[in-house]
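Asker: This structure is in structure tokens; I'll ask about it shortly.
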Amino acid sequence: MTDEYKTIKSGGEGYYTDKRSKFLAFAHHVSSVDEIKELLAGYRKKYYDARHVCYAYMLGPDRSEYRANDDGEPSSTAGKPILGQINSNELTDILIVVVRYYGGVNLGTSGLIVAYREAAADAIVHSEFEMRQIEEVITYTFAYPLMNEVMRIVKEMQPRIVSQTYDNTCEIRLSIRKSEAEQLKNRLSKLSFE
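Numbering-wise, my numbering puts 51 at position 49 of the sequence shown, and it's gapless, one number per residue.
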């Protein structure tokens, strides 16, 4: 099981031209569909005079949520090639938007596929990549006298402390790399029985 995924840290821009049609491509790091909708609305407003604003996105460490949109281009000639570039680079949490200005000459389906694919590829090439870890959040409730033992485990395993409350009963929320989550749970649960 892998607990890492590849995404882009900062987005890049790409460009492709064929028979006077211009294809402007933009890659963005995204984490939700709402964020994607907001970005798309911004592109439609900024490039209101463009013929097409096509896009594809992939979300989640498991890469299970995705969509490709042709925005009026012939079926599967725009969104699918963009999504293909996301897939071939094994990226997720990414949105690629390709804005097309029509040049007056039809490119045909194969020409469109090449144009959208190349524009998306150019945006990816100009992006900064980043490997991220899939984390699991563990909530542990314990009696105050166990504080030192809990903090010792936190110091040794170095999870990120998401939140903590200290009272008669204490609660700590820890975020740790998925592959180490079971070990952290086991170590914490043993404290209760010592």
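The C-beta atom is built at its ideal place from N, Cα and C for all residues, glycine as well. Small disclaimer: the values here were computed from a predicted structure and weren't measured.
Which residue wins for smallest C-alpha separation from Tyr-104, given the options Asn-170, Asp-20, Val-35?
Answerer: Position 102 of the sequence shown, counted from the start, is the residue given in the question as residue 104. Taking only the C-alpha atoms, the option nearest Tyr-104 is Asp-20.
Asker: Exposed or buried, Ser-129, counting other C-beta atoms within 10 Å across all chains shown (16 or more means buried)?
Answerer: As a first step, residue 129 must be located in the sequence shown, where it is residue number 127. Buried, since its Cβ has 16 or more Cβ neighbours within 10 Å.
Asker: Whose C-beta lies closer than 7 angstroms to the C-beta of Gln-135 among residues of the same chain, with five residues either side of it excluded?
Answerer: Here residue 135 refers to the residue found at position 133 of the sequence shown. Excluding sequence neighbours, Gln-135 sits near Asp-5, Glu-6, Arg-179.
Asker: Could you spell out the range, first to last residue, of the alpha helix (DSSP H) harbouring Asp-36?
Answerer: Residue 36 sits at position 34 when you count from the first residue of the sequence shown. Where Asp-36 is concerned, the enclosing alpha helix (DSSP H) stretches over 35 to 48.
Asker: Specify, as a first and last residue, the run of the beta strand (DSSP E) that Ala-145 falls within.
Answerer: One-based indexing of the sequence shown puts residue 145 at position 143. Its beta strand (DSSP E) spans residues 137 to 145.
Asker: Report, in whole angstroms, the separation of the C-beta atoms of Leu-97 and His-30, which I expect to be a contact under 8 angstroms.
Answerer: In the sequence shown, residue 97 corresponds to position 95, counting from 1. In the sequence shown, residue 30 corresponds to position 28, counting from 1. The Cβ separation is near 5 angstroms, so the contact holds.
Asker: Please confirm if the stretch 53 to 61 is in contact with the stretch 147 to 162, defined as three or more CB-CB distances below 8 angstroms between the two stretches.
Answerer: Not touching, per the Cβ criterion.
Asker: From Pro-76 to Lys-82, what does the alpha carbon distance come to, in whole angstroms?
Answerer: Locating residue 76 in the sequence shown gives position 74, counting from the first residue. Locating residue 82 in the sequence shown gives position 80, counting from the first residue. Spanning the two alpha carbons is a distance of roughly 11 angstroms.
Asker: So within the stretch 67 to 153, which uninterrupted alpha helix (DSSP H) runs reach at least 4 residues, ignoring any that extend past its ends?
Answerer: Counting only runs of 4 or more, we get 81 to 90, 110 to 127.
Asker: May I ask you to verify whether the stretch 83 to 92 touches the stretch 116 to 125, counting CB pairs closer than 8 angstroms and requiring at least 3?
Answerer: Touching, yes.
Asker: For Ser-191 and Glu-184, I'd like the C-alpha separation in whole angstroms.
Answerer: Counted from its first residue, the sequence shown places residue 191 at position 189. Counted from its first residue, the sequence shown places residue 184 at position 182. Answer to the nearest angstrom: the Cα atoms are 10 angstroms apart.
Asker: Helix, strand or coil for Lys-21, going by three-state DSSP, please let me know.
Answerer: Mapped onto the sequence shown, residue 21 falls at position 19. Reduced to three states, the DSSP call for Lys-21 is coil.
Asker: Could you tell me the distance, in whole angstroms, from the CA atom of Met-149 to the CA atom of Pro-161?
Answerer: Translated into positions along the sequence shown, residue 149 becomes position 147. Translated into positions along the sequence shown, residue 161 becomes position 159. Going by the C-alpha atoms only, they are around 16 angstroms apart.
Asker: How is the beta strand (DSSP E) around Arg-53 delimited, first residue to last?
Answerer: By one-based count along the sequence shown, residue 53 stands at place 51. Run containing Arg-53: none; DSSP gives neither H nor E here.
Asker: Using only alpha-carbon positions, find the residue among Arg-175, Arg-102, Ile-38 that is nearest to Glu-138.
Answerer: Here residue 138 refers to the residue found at position 136 of the sequence shown. Checking every option, the nearest Cα to that of Glu-138 belongs to Arg-175.
Asker: Would you kindly work out how many angstroms separate the C-alpha atoms of Ile-38 and Ser-165, rounded to a whole number?
Answerer: Residue 38 sits at position 36 when you count from the first residue of the sequence shown. Residue 165 sits at position 163 when you count from the first residue of the sequence shown. Taking the straight line joining both Cα atoms gives about 29 angstroms.
Asker: How would you call Asn-108, buried or exposed, if buried means at least 16 neighbouring beta carbons within 10 angstroms?
Answerer: Position 106 of the sequence shown, counted from the first residue, corresponds to residue 108. When all chains shown are included, Asn-108 counts as exposed.
Asker: Any idea if Ala-43 is buried or exposed, counting beta-carbon neighbours within 10 angstroms, 16 or more meaning buried?
Answerer: For the purposes of this step, residue 43 is taken as the residue at position 41 of the sequence shown. The residue in question, Ala-43, is exposed, as its Cβ has fewer than 16 Cβ neighbours within 10 Å.
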